[in-house]
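Undergrad: To start, I am sharing the structure in question, which I have written as structure tokens.
Okay, structure coming up:
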């Protein structure tokens, strides 16, 4: 789903956080919330929240606050979570296997349809109900399942090659866990998760408190 | 190690990237590099790189560039990677187990000394050479091993409780994988890895290209 309004990168990055909190509130049976309450829960300031919601047409009412369910549904629609994204995982090592199990548990509109590797010792093993397949079958899997996203959980020295391969097979988004920087281009968007970078930043901050 | 100069948060977040690239260059036997070359590799612009390096006293020479090894060692020192940080993992599910295997493979100065859970079906199982222990033993492990960092890989509904517990046991940094926002305070620094948030942002970007 393409959303009509242009939303800034900074706002987009906060949307999942709102989405999570509104979902929690719904699960607790809470039907309305003030920007102040949301502020306490999300750690963002209330005027920021009001501004963000205003961006995508979520209007609070003075003395009433926001309607949790309609705001939740609006953000869900903006994030495209009213449909399901199919996803493949390239690299069936520790991280790849963990993601294959973790993503379905989150029930957030992402479905893992294949996990791939080249190591013969891994091929054929089952992760949940998905079998680890040889990378040769990747193109077929992407076409048959209309796959948009590839998670890259390969070692750094294979990452560029793997990225080029999935792009060639028509992938539109790469969720990159390899310790390299991939460049966005008009055909492919990139989200990097550099785990060890984040751990290094944490180490730095501890040492320099 | 406490670094004397004050370095901005934005620069700190780029340091691990420089560290990785300089390490790659060293491994390839390359002894000097220009900011332009680094720019191509890191995707950052050359003047940004020069400015960052200037911040921590890395001076390039016109027509020569930067000395790879001394720059690498300087960043290593700033990041505190000339010592080893001990780390515990709280939550021995898929992610916790994957991190326990992944971190030692990266050889970046972080050592996993314990992994904890409450589920009796997990206790006693070995992840590499570390046994999954009951959370009751956490405090003892933290004190005995001088542990600074706790990775939280527990479900969202246990995360606050787990965070309070590790803070009480003297942890200085939390590497948080749970889908909640933890507040920094003068005693504890937080680095959040919100995996599914990042996947949602990727989904949004794909749908709105």
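Protein chains in written order, with this note's numbering: chain A, 486 to 694; chain B, 486 to 694. Every residue gets a Cβ at the ideal spot worked out from N, C-alpha and C, and that includes glycine.
Output the distance between the C-alpha atoms of residue 634(B) and residue 665(A), rounded to the nearest integer angstrom.
TA: Here the question's residue 634(B) lines up with position 149 in the second chain. Here the question's residue 665(A) lines up with position 180 in the first chain. Roughly 25 Å between the two C-alpha positions.
Undergrad: Flag residue 694(A) as yes if its beta-carbon sits less than 8 Å from any beta-carbon of chain B, otherwise no.
TA: Here the question's residue 694(A) lines up with position 209 in the first chain. Output row for residue 694(A): interface = yes.
Undergrad: List, in order along the chain, the chain A residues whose C-beta lies closer than 7 Å to that of residue 579(B)?
TA: Along the second chain, read from residue 1 onward, the residue named residue 579(B) stands at position 94. Here the neighbours are 583, 586, 587.
Undergrad: Answer yes or no: does any C-beta atom of chain A fall closer than 8 Å to that of residue 666(B)?
TA: Locating residue 666(B) in the second chain gives position 181, counting from the first residue. Yes, its Cβ sits closer than 8 Å to a Cβ of chain A.
Undergrad: Would you kindly work out how many angstroms separate the C-alpha atoms of residue 596(B) and residue 499(A), rounded to a whole number?
TA: The residue given as residue 596(B) occupies position 111 in the second chain. The residue given as residue 499(A) occupies position 14 in the first chain. Cα to Cα, the separation comes out at about 32 Å.
Undergrad: Could you list which residues in chain A have their beta carbon closer than 8 Å to that of residue 679(B), in chain order?
TA: In the second chain, residue 679(B) corresponds to position 194, counting from 1. Residues of chain A passing the Cβ test: 501, 502.
Undergrad: Run through DSSP, which three-state label would residue 603(A) get?
TA: Here residue 603(A) is taken as the residue at index 118 of the first chain, counted from 1. Residue 603(A) falls in the coil class under three-state DSSP.
Undergrad: Could you check which residue in 649(B), 684(B), 523(B), 506(B) has the C-alpha nearest to that of residue 561(B)?
TA: For the purposes of this step, residue 561(B) is identified with residue 76 of the second chain, where counting begins at 1. Considering only alpha carbons, the answer is 506(B).
Undergrad: What is the DSSP secondary structure of residue 635(A), reduced to helix, strand or coil?
TA: For this step, residue 635(A) is matched to residue 150 along the first chain. If DSSP states are grouped into helix, strand and coil, residue 635(A) belongs with the strands.
Undergrad: Within 10 Å of its beta-carbon, does residue 513(B) have 16 or more other beta-carbons around it, so buried, or fewer, so exposed?
TA: Position 28 of the second chain holds residue 513(B). By the neighbour-count rule (16 or more Cβ atoms within 10 Å), residue 513(B) is not buried but exposed.
Undergrad: Return the residues of the segment 641-654 of chain A that lie within a Cβ-Cβ distance of less than 7 Å from chain B, sorted by chain order.
TA: none
Undergrad: Hey, is residue 628(B)'s beta-carbon within less than 8 Å of any beta-carbon in chain A?
TA: On the second chain, position 143 is the one that residue 628(B) refers to. For residue 628(B), the answer is no, since every Cβ of chain A falls outside 8 Å of its Cβ.
Undergrad: Quick one: which residues of the segment 522-549 of chain B get their C-beta closer than 7 Å to a C-beta of chain A? List them in chain order.
TA: 527, 528
Undergrad: By the three-class DSSP mapping on this structure, what secondary structure does residue 616(B) have?
TA: Working through the second chain from its first residue, we reach residue 616(B) at position 131. Residue state, collapsed to three classes: strand.
Undergrad: In the DSSP assignment, what residue or residues form a beta bridge with residue 661(B)?
TA: Counted from its first residue, the second chain places residue 661(B) at position 176. Answer by DSSP bridge pairing, in chain order: 637(B), 677(B).
Undergrad: Return the CA-CA distance between residue 502(A) and residue 527(A), expressed in angstroms with no decimal places.
TA: If you number the first chain from 1, residue 502(A) lands on position 17. If you number the first chain from 1, residue 527(A) lands on position 42. Going by the C-alpha atoms only, they are around 7 Å apart.
Undergrad: Mind listing the chain A neighbours of residue 507(B)? Cutoff is C-beta to C-beta under 7 Å, in chain order.
TA: On the second chain, position 22 is the one that residue 507(B) refers to. Correct list: empty, because the minimum Cβ distance to chain A is about 13 Å.
Undergrad: Check the DSSP bridge columns for residue 517(A) and list the partner residues they point to.
TA: Looking up residue 517(A) in the first chain gives position 32. Answer is 552(A), bridged to residue 517(A).
Undergrad: Where residue 637(B) and residue 669(B) are concerned, what is the direct C-alpha to C-alpha distance, given to the nearest angstrom?
TA: The sequence position of residue 637(B) within the second chain is 152, counting from 1. The sequence position of residue 669(B) within the second chain is 184, counting from 1. Near 15 Å, if we compare the C-alpha coordinates of residue 669(B) and residue 637(B).
Undergrad: When we look at the beta-carbon of residue 535(A) and count the other beta-carbons within 10 Å, is it buried (16 or more) or exposed?
TA: Against the first chain, residue 535(A) aligns to sequence position 50. Burial call: buried.
Undergrad: Which residue from 575(B), 493(B), 540(B), 551(B) puts its Cα closest to that of residue 510(B)?
TA: Taking the second chain and counting its residues from 1, one reaches residue 510(B) at position 25. Per the Cα distances, 551(B).
Undergrad: Answer with yes or no whether the minimum CB distance from residue 556(B) to chain A is below 8 Å.
TA: Taking the second chain and counting its residues from 1, one reaches residue 556(B) at position 71. By this cut-off, residue 556(B) is not an interface position.
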